Structures are given as structure tokens and as C-alpha cells.
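Visitor: Anchor point for the sequence shown: position 46 equals 46 in the numbering used here, and the numbering is continuous, going up by one each time.
Let me give you the structure first, and then I'll get to my questions.
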Amino acid sequence: MAIYSQMETLAQQRQVRAALDSFSARHQDIVDLIIAIQQIPSPTFAEAARATYIEQCFADLGLVDVAQDALHNVYGRFPGQNPDATPLIISAHLDTVFAADTDLTVQRKENLVYGPGIGDNSAGLAGLLALAQALRDFSLRAAADVWFVANVGEEGMGDLRGMRAVVERFGSEVMYIVVEGGLYGQICHQAIGVRRFRLDVSGPGGHSWGSFGTTSAIHVLGRIITAIDALMVPIEPRTTYNVGLIEGGTSINSIAQSASLWLDLRSEDPAALQQLEMDVMHIVSGMTAAYSETAVTTHLVGDRPAGKVPRQTPLVSWAEAALQYVCEEPVTYMAGSTDTNIPLSKGIPSVCIGLTHSAHAHRLDEYLDTTFLPQGLSQLLLLVLTAAGFEPR
């Protein structure tokens, strides 16, 4: 309750109260900003155009040290008053899962806004900009520097490359707040470990009639998939596998010379994830031995490390208190695969929070419910001010 009382006192301070009220007053402007960001295509590995837009926004908002790195991560700093205070990093990812030629037309139905990438993560990026504007407009200068970061490579095969570079730049003597457009009411301080592989099967191939009996790469691949699907994985800690893509073959009347699959392995627990990976590799080695005409090679294509900080960590407690202040619903704690994986895997205090409700992420009919944007932004502001050491006057 002491932390909640601290949050109440902070929220009642005159400048802070005015900033919180501004999110409701500017609600429509913020929605328009979300759409403006969403209209800029930003597939993973091609985020440059959106990065340039965000960079200009950072500069227009008066952030200092605004720049892009070689990956197109965008940085900007809101200066603190104490150079010795622990810096705070606020980030949101630039990339989406959608190809550059995707139709990004937006539809509005009352408080719902439909469009690919509208919540994940155009709303998160707009949240950074709305936060920076509130800090500037209401002179909310805390003790610590607040770094705003729009990073690349969160989705899919991006493998968190943007956040890896961010953490390498700032090191461990910082705190991280990762902002997602959806997930309002949830706090993530536990990172799911993810290991991704491509398995390639090669064989002699041949004609379906004349070479019948020759081992087919596709048939071997199918047996591998069947064996993986028969694996028993623990419910707690939650552990999963998924073959998300298969490729191979030449024609209907050809014995396949090559086939491949893309495999996603996940667990809340590093040891359980390692065991699952060992089980898969045992299957692969067994198939290789059983079908000597074929070769199976594995390629690691993604590695998102697991990690967590205790719920009693101050940053997590502050996030909970801020959410309790603005939200009447119970706080939900979740484990996730987000940009926090990188700092959490190193034991650096980090949380991921959301700004409002969304649904159908990674689908063309994705939508954002803008109703709770003021509350989500209020949670973010209160958390940032507390973590950065703002002292009410």
C-alpha cells in the first residue's frame, strides 16, 4: 500500500495531474498519430522509412542526442537533473509482420480502429511520442535521463536484433520499460525463451514410378514432424513446439530430393527449453540413422533468451501500482516473448506494459480499441516519473 500511496501522491501533484488530464484532451490527436505511423510500411529488416519519421518526431519534441544507429534504431534523450541517477530506457518496436505492399487502409467503427499493425506496434510508438510531449509540455523533469528508443527487429526473424544493440549500448546500469500497443492491464517481467530452427532433409530423389522405394526427403520430413508432435512437454513450466512452415519437392510425380521445415520451440524455463531441444535433436539423429540415403541438417535461425526479475523488484512494483491507480480491473502478470527478453536474460530490471486493448495481432483485420488510451498513457507516465526519480514540488 505504501507504493500505491506514493503513486496517489504523485498523481495529485499539479503538473502531473495536468499531464494526466492532457491524455484525455488529446485523445483524438493521439489516435490520428497512431494511424499516421501505421500508414508507413515497416516490415522487419525494412524499418528505415518509419525510423526516419520517428526520428523527426523526436527532434520536433525537443529531445536531445536524437540519432539513428546502423540498424535504424532511433534514440532521443529527455535530460534528467542528476547525471549520476540510473537512466531509464523507454522503447517501442518499429517493425511489423506485414510485407511492404500490404494494404494498410484503416477503418474506424466508433472506438475501434482496424488496420494491419495498428496495435502492434503503431500504438506503442505513438505512446512514446505522447509521453515525450507530456514531459516537455508540463516540465516534468526527473532526476534521471529518460531515453526514448524506437527499435528495429522485434518481430519474427528479426530475433530482437534491435534490442540487442540497445542493451549493448546502455549496458546493465539502467532500467527498461518496453511499450506495446495492446496488453493493457498486463505486466510482463518474465521472458519466454525461444529457439528456432530450420531442418533441411536431402536425398537422392527420382521418378515416382521408376524409382519407387527410394527414400523421399518429404516422407522423412513427415516422420520427423510426426515424432516431434508425439513429444510430451510439461504444462508447468509452460513449454511448446510448433512446425510453422514446410517446404520441398519438385512435382507430384517426383520423389523429393529436398524438403525443409521451420520449427519454433518455447518455454518459460531455460532448462525445459534445453530438454525440448535435446529431444528434437535426438529425433533428428534417429531419422538420419534410420534413413541412410538421406541427410538431415539443422540450422539455428532464432534465439530469444529466457529470463525474469522477481515480482518484488521495484520497477515491477511501480508498474503494478501505476496500473492499479488507473485501472479498476485486477492486474494480470504474464510471461511473453518481447524486447524485454534481452535485458531480462541479463538480470536487468525490465517490464513490458500495454497502452490499451487490441485483438487479431498479426492479422489483416487487426484492431485497436482506443477507449483506454488515456488510462494506458497515464500508467506509463506515472511509471516513468517514479522510475526516473521525479520529486513532486
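Think of the CB as a built atom: it goes at the ideal place given N, C-alpha and C, for glycine as much as any other residue.
If you're wondering where the values come from, they're calculated on a predicted model, not measured in any experiment.
Output the boundary residues of the alpha helix (DSSP H) element that contains Thr240.
Guide: Position 240 of the sequence shown, counted from the first residue, corresponds to residue 240. Per DSSP, Thr240 belongs to no alpha helix (DSSP H); it is in the beta strand (DSSP E), Thr239 to Gly248.
Visitor: With a CB to CB cut of under 7 Å and the five nearest residues on each side skipped, what residues in its chain are close to Asn151?
Guide: For the purposes of this step, residue 151 is taken as residue 151 along the sequence shown, with counting starting at 1. Asn73, Ser91, His93, Leu94, Gly162, Met163, Val166 and Asp339, listed in sequence order.
Visitor: Using CA coordinates, which residue listed in Ile348, Thr250, Ala49 and Ala134 is at the minimum distance from Leu385?
Guide: What you label residue 385 is simply residue 385 of the sequence shown in a count that begins at 1. Of the listed residues, the one whose Cα sits closest to Leu385 is Ala134.
Visitor: Measuring CA to CA, which of Gln15, Val16, Pro343 and Arg26 is closest to Pro374?
Guide: Mapped onto the sequence shown, residue 374 falls at position 374. Checking every option, the nearest Cα to that of Pro374 belongs to Arg26.
Visitor: Could you give the distance in angstroms between the alpha-carbon of Phe45 and the alpha-carbon of Asp101?
Guide: Taking the sequence shown and counting its residues from 1, one reaches residue 45 at position 45. Taking the sequence shown and counting its residues from 1, one reaches residue 101 at position 101. Looking at the two C-alpha atoms, the distance is approximately 14 Å.
Visitor: Look at the alpha carbon of Ile3 and the alpha carbon of Ser22, and state the distance between them as a whole number of angstroms.
Guide: Position 3 of the sequence shown, counted from the start, is the residue given in the question as residue 3. Position 22 of the sequence shown, counted from the start, is the residue given in the question as residue 22. Cα to Cα, Ile3 sits roughly 24 Å from Ser22.
Visitor: Quickly, what does DSSP pair Trp147 with across the bridge? List them, please.
Guide: Sequence index remark: in the sequence shown, residue 147 carries index 147 (1-based). In the DSSP output, where bridge partners are listed per residue, Trp147 has Arg77 and Ile89.
Visitor: Residues bridged to Pro43 by DSSP?
Guide: In the sequence shown, counting from the first residue as 1, residue 43 sits at position 43. Beta-bridge pairing links Pro43 to Thr96.
Visitor: Residues bridged to Ile255 by DSSP?
Guide: Here residue 255 corresponds to residue number 255 of the sequence shown, with the count starting at 1. In the DSSP output, where bridge partners are listed per residue, Ile255 has Gly206.
Visitor: Evaluate contact between the stretch 192-205 and the stretch 255-274, counting only Cβ atoms and requiring at least three cross-stretch pairs below 8 Å.
Guide: Touching, yes.
Visitor: How about Leu276 and Ser267: do their beta carbons lie closer than 8 Å?
Guide: Here the question's residue 276 lines up with position 276 in the sequence shown. Here the question's residue 267 lines up with position 267 in the sequence shown. Taking 8 Å as the Cβ cut-off, Leu276 and Ser267 qualify as a contacting pair.
Visitor: Assuming contact is defined by CB atoms lying nearer than 8 Å, are Leu125 and Ile54 in contact in what I supplied?
Guide: Here residue 125 refers to the residue found at position 125 of the sequence shown. Here residue 54 refers to the residue found at position 54 of the sequence shown. Yes, Cβ-Cβ distance for Leu125 and Ile54 is below 8 Å.
Visitor: Just the Cα atoms here: how many angstroms apart are Leu381 and Leu131?
Guide: By 1-based counting over the sequence shown, the position of residue 381 is 381. By 1-based counting over the sequence shown, the position of residue 131 is 131. Using only the alpha carbons, I get a separation of about 7 Å.
Visitor: Assess contact between the stretch 115-124 and the stretch 355-364, defined as three or more Cβ pairs (one per stretch) separated by less than 8 Å. Is contact present?
Guide: The stretch 115-124, when compared against the stretch 355-364, does touch it at the 8 Å Cβ threshold.
Visitor: Given that a residue counts as buried once 16 or more other Cβ atoms are within 10 Å of its Cβ, and exposed if not, what is Lys408?
Guide: Only positions 1 to 393 of the chain appear in this structure, which leaves residue 408 out of reach.
Visitor: Give me the residue from Val106, Trp147, Ala306 and Ala322 with the minimum Cα distance to Asp365.
Guide: Looking up residue 365 in the sequence shown gives position 365. The shortest Cα separation from Asp365 among Val106, Trp147, Ala306 and Ala322 belongs to Val106.
Visitor: I need the DSSP call for Ser317, collapsed to helix, strand or coil.
Guide: The count along the sequence shown starts at 1 and reaches residue 317 at position 317. Helix.
Visitor: Is the stretch 175-187 close to the stretch 339-355, with three or more CB pairs under 8 Å?
Guide: They touch, by the three-pair rule.
Visitor: Does the stretch 208-217 come into contact with the stretch 186-199, if we say contact requires no fewer than three beta-carbon pairs (one atom in each stretch) closer than 8 Å?
Guide: With a cut-off of 8 Å, the stretch 186-199 and the stretch 208-217 do not count as touching, because too few Cβ pairs lie within range.
Visitor: Grouping DSSP H, G and I as helix and E and B as strand, with all else coil, what is His360?
Guide: Against the sequence shown, residue 360 aligns to sequence position 360. In the structure shown, His360 sits in coil (DSSP, three-state: anything other than H, G, I, E or B).
Visitor: How should Leu265 be labelled, buried or exposed, when 16 other C-beta atoms within 10 angstroms of its C-beta is the threshold for buried?
Guide: On the sequence shown, residue 265 is found 265 positions in, with the first residue counted as 1. Burial call: buried.
Visitor: Can you tell me where the alpha helix (DSSP H) holding Asp29 begins and where it ends?
Guide: Position 29 of the sequence shown, counted from the first residue, corresponds to residue 29. It spans His27 to Gln38 - the alpha helix (DSSP H) in which Asp29 sits, taken as one unbroken run.
Visitor: Whole angstroms is fine: what's the gap from Glu47's alpha carbon to Pro41's?
Guide: By one-based count along the sequence shown, residue 47 stands at place 47. By one-based count along the sequence shown, residue 41 stands at place 41. In a straight line, the C-alpha of Glu47 is about 8 Å away from that of Pro41.
Visitor: Taking Cβ to Cβ, would you say Gly302 is nearer than 8 Å to Cys188?
Guide: Here residue 302 refers to the residue found at position 302 when the sequence shown is read from its first residue. Here residue 188 refers to the residue found at position 188 when the sequence shown is read from its first residue. Cβ atoms of Gly302 and Cys188: not closer than 8 Å.
Visitor: Taking buried to mean at least 16 other C-beta atoms within 10 Å of its own C-beta, is Asp29 buried or exposed?
Guide: For this step, residue 29 is matched to residue 29 along the sequence shown. That one is exposed.
Visitor: By alpha-carbon positions, which one of Pro314, Asp369, Thr371 and Pro305 ends up nearest to Lys346?
Guide: In the sequence shown, counting from the first residue as 1, residue 346 sits at position 346. Nearest C-alpha to Lys346: Pro305.
Visitor: Judging by CA-CA distance, which residue of Leu129, Glu8 and Ala191 is the nearest neighbour of Arg311?
Guide: For the purposes of this step, residue 311 is identified with residue 311 of the sequence shown, where counting begins at 1. Arg311 has its Cα closest to that of Ala191, out of Leu129, Glu8 and Ala191.
Visitor: Less than 8 Å between the beta carbons of Pro270 and Val309, yes or no?
Guide: The residue labelled residue 270 in the question sits at position 270 within the sequence shown. The residue labelled residue 309 in the question sits at position 309 within the sequence shown. No, Cβ-Cβ distance for Pro270 and Val309 is not below 8 Å.
Visitor: In terms of DSSP beta bridges, what is Ser216 paired with?
Guide: For the purposes of this step, residue 216 is taken as residue 216 along the sequence shown, with counting starting at 1. Ser216 pairs with nothing; no bridge assigned.
Visitor: Among Ala18, Val149 and Asp145, which residue has its Cα nearest to the Cα of Gln81?
Guide: For the purposes of this step, residue 81 is taken as the residue at position 81 of the sequence shown. Of the listed residues, the one whose Cα sits closest to Gln81 is Asp145.
Visitor: Which whole-angstrom value is the C-beta distance of Gly185 and Leu221, which I expect to be below 8 Å?
Guide: Position 185 of the sequence shown, counted from the first residue, corresponds to residue 185. Position 221 of the sequence shown, counted from the first residue, corresponds to residue 221. Contact doesn't hold; Cβ gap of about 42 Å is too wide.
Visitor: Run through DSSP, which three-state label would Leu199 get?
Guide: Numbered from 1 along the sequence shown, position 199 holds the residue referred to as residue 199. In the structure shown, Leu199 sits in a strand (DSSP, three-state: E or B).
Visitor: Between the C-alpha atoms of Asn242 and His299, what's the straight-line distance to the nearest angstrom?
Guide: The sequence position of residue 242 within the sequence shown is 242, counting from 1. The sequence position of residue 299 within the sequence shown is 299, counting from 1. Looking at the two C-alpha atoms, the distance is approximately 16 Å.
Visitor: Just confirm the distance between the C-beta atoms of Leu383 and Ala322, as a whole number of angstroms; I'd bet it's less than 8 Å.
Guide: Along the sequence shown, one-based indexing puts residue 383 at 383. Along the sequence shown, one-based indexing puts residue 322 at 322. That belief holds up - the Cβ atoms of Leu383 and Ala322 are roughly 4 Å apart, short of 8 Å.
Visitor: Please name the residue or residues paired with Cys352 in a DSSP beta bridge.
Guide: Working through the sequence shown from its first residue, we reach residue 352 at position 352. DSSP lists Val178 and Cys188 as partners of Cys352.
Visitor: Cutting at 7 Å between CB atoms, please list the residues of its own chain near Phe98, excluding the five before and the five after it.
Guide: Translated into the one-based positions of the sequence shown, residue 98 becomes position 98. Cβ within range, chain order: Pro43, Pro116 and Gly117.
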